[in-house]
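Colleague: Can you read through this structure? Questions will come right after.
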Amino acid sequence: MNQAWLKIIIIIPVVILMGCSTDPEPINFGTDQCALCKMNISDHKFGAEIVTRKGKIYKYDAAECMFNALSLGDIPYNDAAGFYVIDAANPKQLINGVTATYLISEKLPSPMGAFLSAYKNKTDAEKNQSQFGGELKTWDDILAKFKVGK
């Protein structure tokens, strides 16, 4: 077999695998648009992403837009490889949305008015709850609130 064909046989699978990454991608604040409402994603304390099993990334300006997209069936729940939200305690940092702790507090407005913030550490969520009030929620609680079927 000649070397050109050997290179092609090696390169094609590598390129295919690179294009199918299910890792989140940093949000480009001020540039990226929400896949649901089409607003620019601008607040560093909010934002979310769904990464599909095929590696397609959908970015949202707030967690509530991601949950609304799931509720509407824009992206079937089972097509997702990962759900990510911005950690309100560490702006710009995407965290696993399934394991995050959520706080709904009317004293902490979010971009689309659901008063929803997400935290990697439950202690950060509890700290903000003691300061601003509200209710702590889990992933499943939020799915139920937004009527998302798995």
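Mapping of the sequence shown onto numbering that gives the first Met the number 0: position 33 corresponds to residue 32, and the numbering continues sequentially without gaps.
We put the CB at the ideal spot given by N, CA and C, even for glycine.
From this set, 30, 25 and 41, which residue's C-alpha is nearest residue 48's C-alpha?
Modeller: Checked all of 30, 25 and 41; the closest Cα to residue 48 is 25.
Colleague: So within the stretch 48–95, which uninterrupted alpha helix (DSSP H) runs reach at least 4 residues, ignoring any that extend past its ends?
Modeller: With a minimum length of 4 residues, the continuous alpha helix (DSSP H) runs that stay inside the stretch 48–95 are 62–71.
Colleague: Using CA coordinates, which residue listed in 141, 78 and 117 is at the minimum distance from residue 89?
Modeller: Among 141, 78 and 117, the Cα nearest to that of residue 89 is on 117.
Colleague: Roughly how many angstroms lie between the CA atoms of residue 56 and residue 50, to the nearest whole one?
Modeller: Roughly 5 Å between the two C-alpha positions.
Colleague: Output yes or no for whether 8 Å exceeds the beta carbon distance between residue 60 and residue 46.
Modeller: Contact flag set, yes.
Colleague: State yes or no: is the C-beta of residue 83 within less than 8 Å of the C-beta of residue 93?
Modeller: Yes, these two residues count as a Cβ contact at 8 Å.
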